[in-house]
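Per full-length UniProt numbering, the sequence shown runs over residues 1 to 1097.
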Amino acid sequence: MDSNHSPADISSDAIDKDKMDQIRRRRLEKLGGQSNKISGRSEELGSSILKPFKASEVSSKKKTIDTSFTPSLVENPFAKLTKQDASDSIVRNEPSLFCKFEKYDYELIFAKIRPKAKKKVPEETTEVYENKILSSIFLITLDPEKNSKSLSQKMIYLPNLRKDLEDEGVPTLLTHDRLDSAILEAASAVPMHKSVLDYLIPCFKRITKALNGPRDKSDSMLPILREAERLCICYCIFAIDEPDLFGRSPNPVRDSLTHYMILDPSVEESADFSFIVKLTAEFEENESVKSILINTAIDLSRQLSNLTMNDNFKPYINALKILCQDTKVITAISQHHSFYSSQEPVRGIEKNTFLGPFFHISPIQPEISLQYFSHVKSMNTRMISTAQEALRLTSQAHQKDLLDITYLFVRANVESRNRTLDWFAYALNSNHKRRALRPDPTTLSTDGFLLNITVVLDGLCSPFMDVSFSKIDKIDSQYFRRKPRICITEETKLNADQESSINYYNVTLDGSSNFITDVFFLNMAAHHYGSGGTMSMLKSLDKDIGFLEQKISQLEQERDKISNGHNLSRFEEQLNKFRDVLDKSCSLKYACEAVLFDRITQAKSLTFMRYVSVWLLRVATCSDYTPDKTIVSVPYFLNHRTVFNVSRLPLSSNIPDVFRYLPEYALEDIVSTFIFMFRNIPDITISAIGDELIVLCVTFLESDYVKNPYLKAKLVSLLFFGTWPIHHRQKGVIGDALVGSKFANDNLLHALMKFYIDVELTGAHTQFYDKFNIRYEIFQVIKCIWTNDVYQQHLVQESKKNIEFFLRFVNLLLNDATYVLDEALTKFPKIHDLQNELRTNLALNDEQRTAMEEDLRTAESQAQSYMQLTNETVCMMKLFTKSVSAPFTMPEIVDRVAAMLNYTLDILVGPKSTNLKVDDMKKFRFEPRTLLSEFIDIYLNLGVSEEFVHAVAQDGRSYKPANFEAASRILKRYNLKSPDEIAVWDNLRLRFVRAKEEDDQEEDDLGEIPDEFLDPLLATLMKDPVLLPRSQQVLDRSTIRSHLLSDPNDPFNRQPLKIEEVIELPDLKARITQWKQEAKAKAARLHSATSMDVSGG
């Protein structure tokens, strides 16, 4: 406030007395109809705005005061001491003083202080004191000579009021009776370009200070101060709502309360908490006050909508928090039409709804990220980390304010709570396309806005997310059938199509959901559209940045090829555009990381996801599961057992409808959130992980409850990233739990093997390549848990009790091994040739060299991917064949195992092995000697089976004894195996030779095989012929069984076929056996005769 009003200023701006009387009459007329609403005054207003208390009331108050204890009405006790002789001791007066002032603790004072004699000051009357205090509060005076209070603050002279008092013949003193006129005249003297509030609000603060501070008069002054306070508030209302009463035209900008609420509290004119409290006291009785406060709140929101985190937005937050301390104000705001409208476009939610601008403030805004990370390429890691921490702290403080504001609205009453939850729901539902494959940012809310909503809803959920899950029963599983706030019509369901989902949810249930349920499902959706969308955007940003960096690198390499000045200028312009886009992308990436890597907020998110996990398991298992309760597992080879009254695996084949029709994001958000944390801030997950996460993954991997194979694949990814080493944990965050958990011991291996089989067919056009990535992660998890012998024992049990299942697994493992080995090892000769050509052929022109370099990069990239898969696949075969070799040597599979091993051995040690040598082999993770050693281990593991030995020897394509001899030399030369292992290998190698000789001899003995005994697919002698029921073709059981492991259809007519449906042919089998015996007997006789002829000759 500019309080330096000199007398000249006042006289120039003040209005004459006649005009003031005219304004006063108009004001009284306006107040006449609503006087009782404003202040409860009497019907006859008299000359004041509000009925003042009577002078007799003051007198009566004076009479009731005990003067013996009222310093303002008796002599100062210290002054009495001056009446004593100067030489008198203070001690002599103590008894009488203590008796008279026994209610005051003067003993300590008198013991330490000896007052000095001073002149007696005449006691001022109450009227004089009243004049003085009102003058000091309102900075007004009736004395034309007293025109200043201090050097920095001028007093306002009131000539009209002085003349009125002189005309009436009363003392020219300021009294409460005339305070109404005094305030009006003083306020009217405020310059027209300023609001009257500039004068009145500081007056109110001085009144408050006088009320709260020590008073040097009796409590008789309290009613006077209360009256001054009341009048001051009333005139503040008039200054905002009826400025014409002060002789000025309305000006919403000048007379708005908003300006004063956002001022710094240290500024005298700022509207502080005590001022708003007094104002809201009139809220229900005065419509003007209601209108003022609502408009102020709306104006705060409107002005904030134009600000960013770079601007001074904090005063707007504080102002709203002050306004919303009264529940009546909150209710009125929430019911106002501007709180939100269901017709508001998506992009307008942040700007045009009441809460939108407050939630809009975020570090994830282009202007913010560019300021904090300008010239990002020149910033080192430390600078980036410092900038991110600054953003993070600002974001944390703002999100805490948002939660406080939301709590005010939610806790005020049912109406405001429902309106607030409706606003959250509308914001989320309007952004349902945010998780589309290619979302259009121009049609959606910003990342920062939705991320703030997620954090606030996490905060609303915190009170009921206790460690014992005691309130999880309050979550209504039928929420989506009880007129839910969240719409999931267009969301993919866990195990249902769109039509059946619509039919299911068209049947609504009676009743409504409680607050916990509402917030739970709102937060679930917020994580999907909010933080989940931002995580997805960050992933896309990484890809875009990689592409831009590659593009810029390519352009910079082409700069030297441009010689023309004009073309060079255009080239540089294009290059700079790419660099600008790269800088913006990097800046946004670092800003996103600052918010998403916030350990405090993400810890709350993980806690919420734990609750969703437990709730989802309870719904799926129809049980009261909590982490302290175990889901009973029934091994698949014992699934005839029945377990009652507990959750058990495998789950029931009847999927509960309430689970089936849930949106996929109920499970997807759990998995995505934990994966993101494992990859970026794994240390916060250590204390946030419980058994429920492992139970969740295992339960839904082994069951068919989740229809989307890629969603199930994310469960594997969760386990995979959870076993990444972190700090001192070599098995990652959950690796040790996977090894030690009984539930995991009983179910995890089977679940992984089952999904290894299921992922063969995903239905997507990329399924062939997707399965390799998924199976790579499965291998990593199995390697992590394999140190526990329990898993090895379960593998043996599976191979014996669940044979068909295990054979399918082994068959697919062989398919993968054969393919990735072939792809990887055939790439290295190509890389070898390209590298050699580029190094030696100097005749290549630029175009040829560029094309060849591109081919080389492609081949190297493919070789890296396939070699990584090769190493893991071979490692799995080594682990499994060591634990259980029998399934790998069964008739339907052993030939393929032998062929794959022989083919790879030929590549590694055969004549063409020199072509495998390329530059920087470690880049490809290709170590031929290590790979050879692991293949030798597989040979040794399976060598205990004679069927395997004969299968190796019968491989006419790749079995070459020279390769086995070369392998022996390499093992010895590079000490790849111990002497004992080499000895076992040499013995096995000789067994292969003998088996080859025996097989050749048997082939000669049998001679030409009748066609009816030949397998039509393999052209080999059938051992166990069977008839295919639909195609009526006869072939060997092992052949059709091997075929059905990869293809469930009849190989001749492509109709569905199961191994159980084939028809045995015992007669044909007997004839084959008889023919074979006769052929061998005939050959034996022939050999015997030949031997006799030779010996006789």
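Every residue gets a Cβ at the ideal spot worked out from N, C-alpha and C, and that includes glycine.
Under the three-state reduction of DSSP, V170 is assigned to coil, being neither helix nor strand. Excluding residues up to 5 positions away in sequence, V1026 lie with their Cβ nearer than 7 Å to the Cβ of E1064 in the same chain.
Look at D272 here: in three-state DSSP terms it is coil, with no helix or strand label. For H727 and G735, the gap between their C-alpha atoms comes out near 13 Å. The shortest CA-to-CA distance from I201 to any of E269, T296, K577 is the one to E269. Nearest neighbour of Y479 by Cα position, chosen from M900, E499, V658, turns out to be V658. Annotation note: the segment 729 to 803 contains no uninterrupted beta strand (DSSP E) run of length 3 or greater. Excluding its 5 nearest sequence neighbours in each direction, L940 has C-beta neighbours in its own chain below 8 Å: E981, V984, W985, L988, listed in chain order. Of the residues assessed, Y974 falls on the exposed side of the cut-off, its CB having fewer than 16 other CB atoms within 10 angstroms. Taken in chain order, the whole beta strand (DSSP E) runs of length 3 or more contained in the segment 197 to 280 number zero. Residue state for L451 is assigned as helix, using DSSP reduced to three classes. A distance below 8 Å separates the beta carbons of Y756 and I778. Pairing F880 with Q1077, the inter-Cα distance amounts to about 37 Å. The segment 517 to 536 makes contact with the segment 475 to 490, as at least three CB pairs between them are under 8 Å.
The secondary-structure analysis by DSSP pairs T141 across a beta bridge with Y157. The beta carbon of S1042 sits closer than 6 Å to those of E892, all from its chain and outside the five residues before and after it, given in chain order.
Taking all protein chains shown into account, P1048 has fewer than 16 neighbouring C-beta atoms within 10 Å of its C-beta and is therefore exposed. Between F469 and V695, the C-beta gap is not smaller than 8 Å, which leaves the two residues out of contact. For the 8 Å CB-CB criterion, L541 and K589 form a contact. One thing to note: F246 has its Cβ within 8 Å of the Cβ of S188. Cβ-Cβ distances below 8 Å link V376 to I384, D583, C586, S587, Y590 in the same chain, with the five nearest sequence neighbours on each side left out; the list follows chain order. According to DSSP, residue pairing for L1014 in a beta bridge involves L1021. Within the same chain, Cβ atoms closer than 8 Å to the Cβ of R417 are found at F409, V410, R411, F515, the five residues on either side in sequence being excluded. Collapsing the DSSP output to three states places L649 in a strand. In this model, T308 and R347 are separated by some 16 Å (Cα to Cα). Residue range 946 to 954 is occupied by the alpha helix (DSSP H) that includes V952. For I600, the number of other beta carbons within 10 angstroms of its own is below 16, and it is reported as exposed.
Residue state for I488 is assigned as coil, using DSSP reduced to three classes. No residue range can be given for V190, since it is assigned to no alpha helix (DSSP H) and is classified by DSSP as neither H nor E.
Per the Cβ contact rule, the segment 812 to 830 is in contact with the segment 865 to 876 (3 or more Cβ pairs under 8 Å).
With a threshold of 16 other beta carbon atoms within 10 Å, D669 meets it and is buried. In the structure shown, I655 adopts coil according to DSSP, grouped into three states. Nearest C-alpha to H1087 among S430, D1005, M677, I1072: D1005. Taking C-beta atoms as the reference points, T172 and M155 fail to come closer than 8 Å.
In this structure, M524 keeps its C-beta atom at 8 Å or more from the C-beta atom of L596. If you draw a straight line from the Cα of E927 to the Cα of M852, it comes to about 25 Å.
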